[in-house]
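Plus 136 on top of the position in the sequence shown (first one is 1) and you've got my numbering. Quick notes on the structure that follows.
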Amino acid sequence: MKNLKKIVSVLFSAILLFSATTTSSVAIDKLHFVIGGGAGGGWDGTARGTGEALTKAGMLSSASFENMSGGGGGKALAYMINTKPANTVLVQSTPLVLRSITRHKGYVKGSGTLSYKDVVPIAGVIGDYGAIAVAKSSSFKNFKDVVNAYKKDPNSVKMAGGSVRGSMDHLIGALAFQAAGADPNAVQYIPYDAGGKALAGLLSGETQIISTGLGELMGARDQVRIIGITAPSRVSDAPDAPTLKEQGYDVQFVNWRGFFGPPGMSNADRSAIAKMLGDVQKTPEWETVRARNAWVNIYNPEGKFVSFLEKQTQEMTALMKKLGVI
């Protein structure tokens with residue numbers, strides 16, 4: 137467990153250290169955002185929020201969006217690789233790194249699954265803390281209540297998430313249960329297609345808790361009670377959300393989200409889009425979107441983004457081994 141905490145701490149620090157400063161704006165005519173999950177998920181919110189800020193700030197003439205669910209983001213990734221669409225970017229996050237891990241010798245046969253190496257990394261843009269929540273009507277008031285119920289009867293707690301087993305939603309919840317002394321692989325994890333459906337599963341009573349990104353829950357606080365987040369301390373955008381750490385469960389994690397271009401994207405286009413994504417973070421239009429979602433600004437362009445992805449691949453491999461996912 138000590139080593140696991142160290143891995144997560146290093147990962148958290150690495151993401152923040154790879155942040156970079158922004159410069160003046162570059163106007164681009166139009167951009168199409170491909171989203172590898174359904175409505176209401178973290179990718180969906182990041183793409184639409186970024187497009188909103190860019191157009192309102194006058195840096196982008198028009199933004200269009202396309203949800204392309206399937207295979208935990210694999211369908212959208214394959215679309216980018218196979219069709220190489222112009223003026224198009226794919227929103228992705230740590231799950232894309234998790235895909236690259238399956239390429240490691242001993243995990244799959246042949247060439248493995250698609251990963252960030254098959255597209256063009258443009259820039260990391262934001263970080264989103266993990267969060268665990270319950271329905272407002274739930275008898276669980278904090279994460280300790282969940283842990284106590286689980287230890288009494290493991291079948292009484294089902295955890296919803298917006299993607300497949302081994303995804304970030306699953307890992308966030310698994311880390312919390314492991315910190316509480318439970319076997320993370322024994323927790324019943326129910327995967328849904330994106331955060332919107334996972335939230336519906338929670339509110340319908342199909343599950344008792346949801347593990348997801350904090351940003352995905354910010355707009356549903358009238359329906360849910362956030363009982364633990366993976367930030368090192370409470371965040372100003374959601375001051376009522378307690379950290380897992382303050383409850384005695386030392387879990388700290390932030391999930392990056394960023395944008396990728398299709399194979400063959402020119403260096404000029406890549407640099408122009410990367411610069412624009414950095415410039416927008418200095419605008420009030422961006423701050424409105426950022427605060428609404430309780431995101432952390434993480435601007436991580438081009439070469440720095442690639443270096444970060446390589447480093448995170450190593451760290452996530454060790455983390456997933458610790459959790460027994462691989």
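The beta carbon of each residue, even a glycine, is placed where N, CA and C say it ideally should be.
#1: Would Val261 pass as a contact of Leu226 if the rule is Cβ separation under 8 Å?
#2: From Glu202 to Leu338, what does the alpha carbon distance come to, in whole angstroms?
#3: What residue ranges within the segment 295-369 form continuous beta strand (DSSP E) runs of no fewer than 3 residues, ordered along the chain?
#4: Hey, quick one: how far does the beta strand (DSSP E) through Val270 stretch, first residue to last?
#5: With DSSP run on the structure shown, which of helix, strand or coil describes Asn391?
#6: Quick check: Gly209 and Gln228, are their CB atoms within less than 8 Å of each other?
#7: Note down, in chain order, each residue of its chain lying with its Cβ closer than 7 Å to the Cβ of Gln383, except the 5 sequence neighbours on either side.
#8: Using 8 Å as the cut-off, can you tell me whether the segment 353-368 makes contact with the segment 381-396, which would need three or more C-beta pairs spanning the two stretches below that distance?
#9: Helix, strand or coil: how does DSSP classify Ala199 here?
#10: Does the count of Cβ pairs from the segment 287-296 and the segment 317-330 closer than 8 Å reach three?
#11: Which two residues bound the contiguous alpha helix (DSSP H) that contains Ser236?
#12: Helix, strand or coil for Lys166, going by three-state DSSP, please let me know.
#13: For Thr348 and His306, I'd like the C-alpha separation in whole angstroms.
#14: Can you say whether Glu446 is buried or exposed, counting buried as having 16 or more other CB atoms within 10 angstroms of its CB?
#15: Tell me the start and end of each unbroken alpha helix (DSSP H) in the segment 384-428 that is at least 4 residues and wholly inside, in chain order.
#16: By Cβ distance below 6 Å, which residues in the same chain neighbour Gly394 in space, the five residues on each side in sequence not counted?
#17: Would you kindly work out how many angstroms separate the C-alpha atoms of Gln315 and Asp386, rounded to a whole number?
#18: Which residue or residues does DSSP assign as beta-bridge partners of Pro437?
According to the structure data:
#1: no
#2: 26 Å
#3: Runs found: 324-327, 345-349 and 360-365.
#4: That run of the beta strand (DSSP E) goes Val256 to Ala271.
#5: strand
#6: For the pair Gly209 and Gln228, the CB atoms are nearer than the 8 Å cut-off.
#7: Closer than 7 Å at Cβ, skipping near neighbours: Asn278, Phe279, Lys280 and Gly364.
#8: yes
#9: Of the three classes helix, strand and coil, the one that applies to Ala199 here is strand, per DSSP.
#10: With a cut-off of 8 Å, the segment 317-330 and the segment 287-296 count as touching, because enough Cβ pairs lie within range.
#11: Thr230 to Ile237
#12: strand
#13: 8 Å
#14: exposed
#15: 403-415, all fully within the segment 384-428.
#16: Ala259, Gly260 and Val261
#17: Before going further, note that residue 315 is Ala rather than Gln in the sequence given. Going by the C-alpha atoms only, they are around 7 Å apart.
#18: Answer is Ala259, bridged to Pro437.
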